[in-house]
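In what follows, a single structure is set out as structure tokens and then discussed.
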Amino acid sequence: MKWIIEFLLSSLGKKLIMSLTGLFLCLFLVVHMLGNLQLFLPSPEGMPEGYVFNMYAYHMTHSSLIKIISYGNYFFILLHALQGILITVYNRKAKGGKYQGKGVSDTAAKMASRNMIFLGVLLLAFIGLHMYQFWAQMHFNSEMPVMAGIIEDGEEVKDLFAIVSVAFKQPWVVIVYLISLLALALHLVHGFWSAFQTMGLSNNKYGPIIRFVAMAYAILIPLGFATMPIVFFLFY
Amino acid sequence: MAHENIKVNLYVWRQNGPNDPNAGIKVYSDLEINTHMSFLEMLDVLNTHIIENKDKYPEGPVAFEHDCREGICGACSLVINGRPHGPMQGTTTCQLHMRHFNNGDNIYIEPFKAKAFPMIKDLVVDRSSFDKIIQAGGYISVNTGGTPDGNAVPVPQDVSSEAMDAAACIGCGACVAACPNASAMLFTSAKVSHLGLLPQGKTEAAIRVKRMVSQMDNEGFGLCSNVGACEADCPKEISINNIARMNRAYISSTFTNDH
Ligand code: HEM
Ligand code: SF4
Ligand code: FES
Chain A
1 MKWIIEFLLS
11 SLGKKLIMSL
21 TGLFLCLFLV
31 VHMLGNLQLF
41 LPSPEGMPEG
51 YVFNMYAYHM
61 THSSLIKIIS
71 YGNYFFILLH
81 ALQGILITVY
91 NRKAKGGKYQ
101 GKGVSDTAAK
111 MASRNMIFLG
121 VLLLAFIGLH
131 MYQFWAQMHF
141 NSEMPVMAGI
151 IEDGEEVKDL
161 FAIVSVAFKQ
171 PWVVIVYLIS
181 LLALALHLVH
191 GFWSAFQTMG
201 LSNNKYGPII
211 RFVAMAYAIL
221 IPLGFATMPI
231 VFFLFY
Chain B
237 MAHENIKVNL
247 YVWRQNGPND
257 PNAGIKVYSD
267 LEINTHMSFL
277 EMLDVLNTHI
287 IENKDKYPEG
297 PVAFEHDCRE
307 GICGACSLVI
317 NGRPHGPMQG
327 TTTCQLHMRH
337 FNNGDNIYIE
347 PFKAKAFPMI
357 KDLVVDRSSF
367 DKIIQAGGYI
377 SVNTGGTPDG
387 NAVPVPQDVS
397 SEAMDAAACI
407 GCGACVAACP
417 NASAMLFTSA
427 KVSHLGLLPQ
437 GKTEAAIRVK
447 RMVSQMDNEG
457 FGLCSNVGAC
467 EADCPKEISI
477 NNIARMNRAY
487 ISSTFTNDH
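Residue numbers (my numbering), protein chains in the order written: chain A, 1 to 236; chain B, 237 to 495.
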């Protein structure tokens, strides 16, 4: 047992926790995005607007498997954020200040790699806002609207679609979402590759492939999410 | 070629011992130097000037480190305009020439910054934490007895060149100085790779990586954020692929060994 603790407290062990939790969150983002894109699916004949998405949300909140995964997800976000903050504080102390000369090293990883904590804290604040807007309404708001005339397993189905469309009609919400998604893109463009480097999986052969996938992922995932506030703001 | 003689303004970090409350940048303006000089020769000129004008410069000559002055020993250091060993790719401070600077340039000269490299004086810091990392595992076991046949152990060409690339590390500490986290991963991984890749160093490869990493941690270096500043400023252009290789070796030695 002692060796596990020693490993987890070593510099490389601490970084491995960052990379594994980070990659778990990357996987989560794919599923979360695909699930939410159902906002755009047309309702079947005779069903109210947003039917497909609301039924999806209903089943997500009524499955014990999803419940377990989501608790894991909350835990990993908190672990990743806490570990990231602790590592950054430790690193700042190990450095002990900046140089007065202004030259900057010509690195392959650009400015994002030096600002992971800033981007991360922004993401954490965003996650707080986002969960308040939708997750907390779903779970705790007793006046949450329901889809008229739809009963599933003897229960009314909450109309999350309505909440989403109201939220995305407000310009400040759209702007905050787009800024946060830009921060996510920057966090990922470094983070995704960095996680593989930390796990020791990058070399001359795989490095370029990982960098390419990281770039594609960091563009496509935030872009996919961005379609939702933009399309709702402009067209619904 | 441009002017043979130029004037530069030097912004030099002066610190009289580890806890000098008056430590800070001091400006030496209009120093006339020849563009054929190396950076360290330029500092020699500065120090001569300081010694010849004792009354004007009570702080005395600037302390800095050097030895071979031909880019092979790793003794020279300095952060020049914010970059360890200055702006030229793959060049140590002693091999940096003043022809890369222009008349009237302001040049900032600071010591390597890292908690694990404590300040001694002016531009000199104590890099013996690197020696302790080497002592922790930078050795190989050899058989006693007669002189071994040099060709008895086959080493594939690509392995030997990878090991040689890593062995080019001169232990200067610029990677730590360049890193925003003062991480020593590039240095440590260069040593782990150089020894671990070759058959002679395989015997203790698994234990070496654990010992050297744990010594590195104990010395108080920061954690690697994979920024890559080390690789960009390393005078020997050591690749961060070595860092990935060391991570791999550390993780596998933790999970696949029985101790
Ligand atoms: C959707 C959310 C997030 C995802 C997908 C994500 C993903 C990642 C990944 C893959 C890494 C690379 C790990 C490595 O270098 O080995 C990383 C690093 C990092 N993350 Fe996140 N992250 C997220 C949210 C956050 C949050 C909320 C924080 C909060 C403070 C944060 C702070 C950091 C920091 C500081 C690092 C760099 C650690 C270092 O190497 O020094 N991240 N992230
Ligand atoms: S890796 Fe490069 S910068 Fe670091 S100690 Fe070795 S030679 Fe110097
Ligand atoms: S003095 Fe030896 S490498 Fe510069």
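Even glycine gets a Cβ: it sits at the ideal position worked out from N, Cα and C.
message: My assumption, with CB atoms under 8 Å, is that residue 419(B) sits in contact with residue 459(B). Please give the rounded CB distance.
response: The Cβ separation is near 6 Å, so the contact holds.
field: Contiguous alpha helix (DSSP H) assignments of at least 4 residues, all confined to the segment 34–78 of chain A
entry: Runs found: 51–61.
task: Just tell me which of 258(B), 396(B), 242(B), 301(B) has its CA closest to the CA of residue 345(B).
output: Cα-wise, what sits closest to residue 345(B) is 301(B).
message: Please list the terminal residues of the continuous alpha helix (DSSP H) segment that includes residue 266(B).
response: No alpha helix (DSSP H) holds residue 266(B); the beta strand (DSSP E) holding it covers 260–270.
query: Which first and last residues belong to the alpha helix (DSSP H) in which residue 363(B) is found?
result: Segment: none, residue 363(B) is in no alpha helix (DSSP H) and carries neither H nor E.
- request: May I ask you to check if the CB of residue 220(B) is nearer than 6 Å to at least one heavy atom of the ligand FES?
  value: Any property of residue 220(B) remains undetermined from this structure, which presents chain B solely from 237 to 495.
Boundaries (first-last residue) of the alpha helix (DSSP H) holding residue 181(A): According to the DSSP assignment, residue 181(A) belongs to the alpha helix (DSSP H) that extends over 171–198.
message: Which residues neighbour the ligand SF4 when neighbourhood means a C-beta less than 6 Å away from any of its non-hydrogen atoms? List them by chain order.
response: This selection yields 405(B), 406(B), 407(B), 408(B), 409(B), 410(B), 411(B), 422(B), 423(B), 426(B), 470(B), 471(B), 472(B), 474(B).
- request: Count the other CB atoms, across all protein chains shown, that sit within 10 Å of the CB of residue 337(B); report buried if there are 16 or more and exposed otherwise.
  value: With a 10 Å radius around the Cβ and a threshold of 16 neighbouring Cβ atoms, residue 337(B) comes out buried.
- prompt: When you compare only the Cα positions, how much space is there between residue 171(A) and residue 180(A)?
  reply: Our two residues, residue 171(A) and residue 180(A), have alpha carbons roughly 14 Å apart in a direct line.
query: Of the residues 429(B), 246(B), 252(B), 279(B), which one's Cα is nearest the Cα of residue 263(B)?
result: Closest by alpha carbon: 246(B).
task: Find out if the Cβ-Cβ distance for the pair residue 268(B), residue 241(B) is shorter than 7 Å.
output: Yes.
field: For residue 3(A): DSSP bridge partner residues
entry: Paired residue(s): none; residue 3(A) is not in a bridge.
message: Give me, in chain order, the residues of the same chain whose beta-carbon lies closer than 7 Å to that of residue 157(A); leave out the 5 immediate sequence neighbours on both sides.
response: Within the same chain, and ignoring the five residues on either side of residue 157(A) in sequence, the residues whose Cβ sits closer than 7 Å to its Cβ are 54, 55, 58, 146, 147, 150.
- prompt: If we call anything under 7 Å between Cβ atoms a contact, is residue 483(B) one with residue 200(A)?
  reply: Result yes, Cβ atoms of residue 483(B) and residue 200(A) sit closer than 7 Å.
query: With distances taken between CB atoms, is the gap from residue 308(B) to residue 297(B) smaller than 7 Å?
result: No; because the gap between Cβ atoms is not below 7 Å, this pair is not in contact.
- prompt: By the 10 Å Cβ neighbour count, where 16 or more other Cβ atoms means buried, how is residue 342(B) classified, buried or exposed?
  reply: That one is exposed.
Closest Cα partner of residue 118(A) within the set 183(A), 69(A), 93(A), 77(A): Shortest Cα-Cα distance from residue 118(A) to any of 183(A), 69(A), 93(A), 77(A) involves 183(A).
message: If contacts are defined as beta-carbon pairs under 8 Å, then residue 472(B) and residue 415(B) qualify, I think. What distance do you get, rounded to the angstrom?
response: Actually they are not in contact, since the Cβ atoms of residue 472(B) and residue 415(B) sit about 16 Å apart, beyond 8 Å.
In chain order, each beta strand (DSSP E) run of at least 3 residues that lies wholly inside the segment 324–391 of chain B: If only uninterrupted beta strand (DSSP E) runs of at least 3 residues are considered, those enclosed by the segment 324–391 of chain B are 342–346, 355–357.
query: Along the chain, where does the alpha helix (DSSP H) that runs through residue 481(B) open and close?
result: Run containing residue 481(B): 477–492, per the alpha helix (DSSP H) assignment.
field: 8 Å contact criterion, which residue 80(A) and residue 25(A) should meet: CB distance rounded
entry: Indeed they touch by this definition, with Cβ atoms about 6 Å apart.
- prompt: Mind checking whether residue 333(B) and residue 410(B) have CB atoms under 7 Å apart?
  reply: Not closer than 7 Å, so no.
- prompt: What residues from the segment 80–104 of chain A come within 9 Å of chain B, judged by C-beta to C-beta, listed N to C?
  reply: Residues of the segment 80–104 of chain A whose Cβ lies closer than 9 Å to any Cβ of chain B, in chain order: 87, 88, 90, 91, 92, 93, 94, 95, 96, 97, 98, 99, 100, 101, 102, 103, 104.
message: Just checking residue 228(A) against the ligand HEM - is the residue's beta carbon closer than 6 Å to any of the ligand's heavy atoms?
response: The ligand HEM has no heavy atom closer than 6 Å to the beta-carbon of residue 228(A).
task: Could you check if residue 222(A) is buried or exposed, using at least 16 other CB atoms within 10 Å of its CB as the buried criterion?
output: In the assembly as shown, residue 222(A) is a buried residue. Its beta-carbon has 16 or more other beta-carbons within 10 Å.
message: My parser needs the beta strand (DSSP E) runs of 3 or more residues fully inside the segment 85–168 of chain A; what are they?
response: Entirely contained in the segment 85–168 of chain A, the beta strand (DSSP E) runs reaching 3 residues are, in chain order, 146–152, 155–158.
- prompt: What do you reckon, are the CB atoms on residue 37(A) and residue 195(A) nearer than 7 Å?
  reply: Residue 195(A) sits away from residue 37(A), with the two beta carbons spaced by 7 Å or more.
- prompt: Should residue 303(B) be listed as close to the ligand FES, given that the test is whether its C-beta is under 6 Å from any heavy atom?
  reply: Yes, Cβ of residue 303(B) sits closer than 6 Å to a heavy atom of the ligand FES.
- prompt: Should residue 377(B) go down as buried or exposed, given a rule of 16 or more other Cβ atoms within 10 Å for buried?
  reply: Exposed is the call here.
Simplified DSSP assignment, three categories, for residue 282(B): Here residue 282(B) sits in helix by DSSP.
message: One question on the structure: do residue 461(B) and residue 493(B) come within less than 7 Å of each other, judged by their Cβ atoms?
response: Contact: no.
- prompt: Can you find a CB in chain B that lies within less than 7 Å of the CB of residue 7(A)?
  reply: Taking Cβ atoms only, chain B reaches closer than 7 Å to residue 7(A), which makes this a yes.
C-beta atoms of residue 413(B) and residue 281(B) nearer than 7 Å: No; because the gap between Cβ atoms is not below 7 Å, this pair is not in contact.
query: Mind checking if residue 200(A) is an interface residue toward chain B, Cβ cutoff 7 Å exclusive?
result: Using a CB distance cut-off of 7 Å, residue 200(A) counts as an interface residue toward chain B.
message: Need the endpoints of the alpha helix (DSSP H) that residue 454(B) sits in, please.
response: Note, residue 454(B): alpha helix (DSSP H), 441–454.
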